[in-house]
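Report on the structure given below.
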Amino acid sequence: MTSAVDRLLAQARQRLQRLEPAEAAVAAAAGAVLIDIRPHEYRKREGAIPGALVVERNVLEWRLDPTCPDRLPIAHSDLHVIVVCNEGYASSLVAAGLHDLGLAHATDLIGGYRAWRAAGLPVLQPT
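As structure tokens, then:
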């Protein structure tokens with residue numbers, strides 16, 4: 459039997475054009491913004507993607523909502539966002555939620571940070 463969260467994840471992913479690590483690197487080089495939502499401890503222990511914008515999960519919607527007074531200066535409806543979590547699960551849910559806020563170009567990284575690192579793409583070493 460499929461769990462409710464697995465169904466929710468599948469529904470979220472149907473709304474996204476998810477990117478493999480190499481595709482995400484190309485998109486970032488072309489101006490997409492990588493948003494790392496992993497907890498500080500994960501970044502400290504496993505490293506980070508150079509140039510990725512760290513936005514803690516608990517404030518992400520407020521920082522990226524183009525209509526919110528607490529948004530980041532980069533937040534606008536045409537922003538191409540690629541959400542990165544550790545393994546690519548939470549990021550799918552987040553990216554679908556960003557669609558609901560009007561960010562139609564939000565997506566996520568298949569396999570998350572660990573897939574990016576495994577693909578041999580640039581990383582900042584753990585501190």
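Here the sequence shown stands for residues 459 to 585, numbered as in this note's numbering. Even for Gly, the Cβ is constructed at its ideal location relative to N, Cα and C.
Given a cut-off of 9 Å on the beta-carbon distance, is the pair residue i and residue j in contact?
i: ALA470; j: LEU551; result: yes
i: LEU466; j: ALA564; result: no
i: SER535; j: ALA562; result: yes
i: GLY560; j: ARG476; result: no
i: LEU567; j: PRO508; result: no
So, with DSSP's three-state summary, where would you put residue i?
i: LEU522; result: helix
i: VAL581; result: coil
i: ALA506; result: strand
i: LEU556; result: helix
i: VAL513; result: coil
i: ASP494; result: strand
Relative to the alpha-carbon of residue i, which residue among the options has its alpha-carbon at the smallest distance?
i: PRO580; options: HIS538, ALA487, HIS498, THR525; result: ALA487
i: HIS557; options: HIS498, MET459, ASP523; result: ASP523
Under 7 Å Cβ to Cβ from residue i, same chain only, skipping five residues before and after it: list those, please.
i: LEU518; result: ILE495, VAL552
Contact the stretch 569-580 vs the stretch 538-554: 3+ CB pairs below 8 Å:
Because the criterion of three Cβ pairs below 8 Å is met, the stretch 569-580 and the stretch 538-554 touch.
For the structure I just gave you, are there three or more beta carbon pairs, one from the stretch 493-500 and one from the stretch 509-524, closer than 8 Å?
yes
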